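J.: So the sequence lines, in the order shown, correspond to chains A and B.
The numbering of the first sequence is my numbering, which starts it at 139 and goes up by one.
The numbering of the second sequence is my numbering, which starts it at 139 and goes up by one.
Positions of the beta carbon are idealized from the N, C-alpha and C atoms, including for glycine.
Computed from a predicted model, the values in this text were never measured in an experiment.
Number of protein chains: 2
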Amino acid sequence: MLYAVFMSATLPPFPRPQEPAGEPELLQLSSAGDDPCLRADAARNRARLLEAATRLIAEHGAAGVTMEAVAAAANVGKGTVFRRFGDRTGLLTALLDHSSRKLQADFLGGPPPLGPGAPAIERLRAFGVAVLYRSVEQLDLQLAAQPEPTRRFAHPSLRALHTHVTMLLRQIAPDADCELLAQTLMGYLDPALIHHLTKQCGMPLERLEKGWLDLVDRVTGSRPPC
Amino acid sequence: MLYAVFMSATLPPFPRPQEPAGEPELLQLSSAGDDPCLRADAARNRARLLEAATRLIAEHGAAGVTMEAVAAAANVGKGTVFRRFGDRTGLLTALLDHSSRKLQADFLGGPPPLGPGAPAIERLRAFGVAVLYRSVEQLDLQLAAQPEPTRRFAHPSLRALHTHVTMLLRQIAPDADCELLAQTLMGYLDPALIHHLTKQCGMPLERLEKGWLDLVDRVTGSRPPC
DNA sequence: TTACGATCCGGACCGAGGTCCGTTTATTGT
DNA sequence: ACAATAAACGGACCTCGGTCCGGATCGTAA
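#1: Does any CB atom of chain A fall closer than 9 Å to the CB of VAL269 of chain B?
#2: For CYS316 of chain B, does the count of other Cβ atoms within 10 angstroms reach 16, so buried, or fall short, so exposed?
#3: Could you name the residues of the stretch 349–362 of chain B whose beta carbon sits closer than 7 Å to any beta carbon of chain A, in the order they occur along the chain?
#4: Could you please tell me which residues of the stretch 292–303 of chain A, in chain order, have their CB closer than 9 Å to any CB of chain B?
#5: Need the endpoints of the alpha helix (DSSP H) that CYS316 of chain A sits in, please.
#6: Quick one: what's got a C-beta closer than 6 Å to VAL354 of chain B's C-beta in the same chain, skipping five residues either side?
#7: Can you find the residues in the same chain that come closer than 8 Å, C-beta to C-beta, to ARG272 of chain B, ignoring five residues on each side of it along the sequence?
#8: From ARG289 of chain A to GLY228 of chain B, what distance separates their C-alpha atoms?
#9: Run down chain B in chain order and give the residues with a C-beta less than 8 Å from the C-beta of ASP315 of chain A.
#10: How long is the line joining the alpha carbons of VAL357 of chain B and ASP352 of chain A, rounded to whole angstroms?
#11: Any idea what DSSP makes of SER169 of chain B, helix, strand or coil?
#12: In chain B, what lies closer than 8 Å to GLN276 of chain A by C-beta?
#13: Is any beta-carbon of chain A found at less than 9 Å from that of ARG222 of chain B?
#14: Closest by CA to GLY255 of chain A, which one among A:LEU306, A:PRO285, A:GLU206 and A:TRP350?
#15: Answer yes or no: do HIS334 of chain A and PHE291 of chain B have a C-beta to C-beta separation smaller than 9 Å?
#16: Could you round the C-beta distance between ARG222 of chain A and ALA211 of chain A to whole angstroms and report it? I think they count as a contact, below 8 Å.
#17: What residue does the alpha helix (DSSP H) around GLN284 of chain A start on, and which one ends it?
#18: So with Cβ pairs under 9 Å, would you call HIS236 of chain A a contact of chain B?
#19: Using the DSSP secondary-structure output, state which residues sit across from ALA256 of chain A in a beta bridge.
#20: Got a sec: is the Cβ-Cβ distance from GLY215 of chain B to anything in chain A below 9 Å?
#21: How is the alpha helix (DSSP H) around PHE223 of chain A delimited, first residue to last?
#22: For ASP328 of chain B, go through chain A and note every residue whose CB falls closer than 8 Å to its CB, in chain order.
In structure tokens form, the structure reads like this:
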């Protein structure tokens, strides 16, 4: 439960999900939603599974969908699901992959203020707002896709966001511990927090948005007066 | 999975864990580690379970301990564990209860700078450091006790901390959205984050501590220059 | 002391995530 | 076209968290 780091060279019991085969860290925004060299039937089943999962989740909510149900709906064996996606989190994450890549493309190479061209602080503000909106319209999935606490921050997609925020911060406040500051900012955008504040505390999204802008100002030291 | 709010008056299928029967919101720091009016055998079993759990966790780590194993080690039926503590999270939380109450007592009525008497900002600084240290020496348990994302922020003990931070912030920055700011600060103290930074990124605790102090200064607008 | 009702106990049972391995299928080289 | 080999398949199987309910126990009042 806490071992199983690599599995020795002797016969891998499972080819391991080649799904989250993260490209060189950050710039993993290539190839739309497909995958590298996958056998024909495998690719077909993968597509079927994603489609089935999407449909079932739309019907019953992410929390109400069983892996076995997905497999059945896709006319595929249960083992196939796990071989392809590793675990439940993997499948759910794959469903988020598209929007995740889009967001990444937007702030990495899109038009300002999200993309390069605008001053860093503007980009940072826009970034938070973008993430906020994205999370709100996928809260259900985002929550269900959250891995267990130990791995929450290891998730490649999240790391990418964190890296980006760190870079922006470095341009704004070079003397600060931008790694930690970035972590703090990302914490504000945690789907679980957003869910809690909007659904359980009834805060309007607008307030969260203001909160983000304010937070950015405070953290970067660009408060109004002074 | 997302219903079951209260259970109607008609025959409760389970008396429901009377464990986290939160007193009036905040000031729940009374009665050391025991419970209200519990039948003799029930109290005895409860103690046995807590003791067994503690021992097993010390041996195998929190993640490596099964509910059934705890039950067996306590010479008790599995059902008894769940009746008493509701679920795994409940049991683990109960183990943290003692230190949780102590912390609460400290910042609610202990000596400055944690307790009342010191200026709010000093208390806030001390608060973060205290939580940091407490988390570090119980990381394993804290992580394992973390409930699923949907309920992460609903946890009473966490709410208490959040409330306290909010109050301190209100004294420091009355015009800010202290609820949100408090949430941000609490995010920095999330055990999962601490685990990630210290165990996975290899940051020394000292750096996290500096990070907290710096964060407090930034967020409250009490930066050095100006 | 006894009897009775509320509370508690225990372990069989269930569902869902995850694994294993014998069988099937796609690909590739000839 | 035809092996031969690597990759993929599927579903039985395992574990573990959580539930249920018939029966044992405790507290109490007479």
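T.: Looking at the coordinates:
#1: Not closer than 9 Å to any Cβ of chain A, the Cβ of VAL269 of chain B fails to qualify, so no.
#2: Looking at its Cβ environment, which holds 16 or more other Cβ atoms inside 10 Å, CYS316 of chain B is buried.
#3: GLY349, ASP352, LEU353, ARG356, VAL357, GLY359 and ARG361
#4: ALA292
#5: 316–326
#6: LEU262 and ARG263
#7: SER237 and LEU241
#8: 22 Å
#9: ARG345, LYS348, GLY349 and ASP352
#10: 9 Å
#11: Its pLDDT being 39, under 50, SER169 of chain B is placed unreliably in this model, and the value from its coordinates should be taken loosely. Note: SER169 of chain B maps to coil in three-state DSSP.
#12: None at all; the shortest Cβ gap to chain B is about 13 Å.
#13: no
#14: A:LEU306
#15: Result yes, Cβ atoms of HIS334 of chain A and PHE291 of chain B sit closer than 9 Å.
#16: No, ARG222 of chain A and ALA211 of chain A are not in contact; Cβ-Cβ is about 15 Å, not under 8 Å.
#17: Careful: GLN284 of chain A lies outside any alpha helix (DSSP H) and carries neither H nor E.
#18: no
#19: A:PRO254
#20: Output row for GLY215 of chain B: interface = no.
#21: 216–223
#22: GLY325
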